[in-house]
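Structure first, then comments.
In our numbering, the protein residues as written are 151 to 239.
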């Protein structure tokens with residue numbers, strides 16, 4: 151599992167090398183209020199046409215499986231994530 155904050159290039163490299171992985175999108179200060187799970191290949195979070203994936207109000211927590219992200223989310227936020235409906239992770 152890797153957490154990306156202020157590192158768009160590192161994040162995009164992770165997504166490109168882990169297309170079967172998962173990405174948890176979270177506010178910079180993680181809370182159960184906003185935890186959104188995506189597939190690494192979801193076009194809303196992995197195109198190089200955009201920037202500021204991890205450099206503004208958000209961070210990305212990436213893992214090869216959902217269980218790792220569940221294990222991170224509960225102690226960090228006291229809650230669970232929601233699966234993003236467009237990529238259906």
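Ideal placement from N, C-alpha and C gives every residue a C-beta, glycine not left out.
These numbers were taken from a predicted model, which means no experiment stands behind them.
Burial state of residue 178, where buried means 16 or more other Cβ atoms lie within 10 Å:
For the purposes of this step, residue 178 is taken as the residue at position 28 of the chain shown. Exposed, by the Cβ-count rule.
Could you check if residue 214 is buried or exposed, using at least 16 other CB atoms within 10 Å of its CB as the buried criterion?
In the chain shown, residue 214 corresponds to position 64, counting from 1. Per the 10 Å Cβ criterion, exposed.
I'd like the list of long-range same chain contacts for residue 183, defined as Cβ closer than 6 angstroms, with 5 residues on each side in sequence excluded.
Residue 183 sits at position 33 when you count from the first residue of the chain shown. Contacts found: none.
Assign residue 203 to one of three DSSP states: helix, strand, or coil.
Here residue 203 refers to the residue found at position 53 of the chain shown. Look at residue 203 here: in three-state DSSP terms it is coil, with no helix or strand label.
Quick check: residue 277 and residue 216, are their CB atoms within less than 7 angstroms of each other?
Only positions 151 to 239 of the chain appear in the structure, and residue 277 is not among them; the question remains open.
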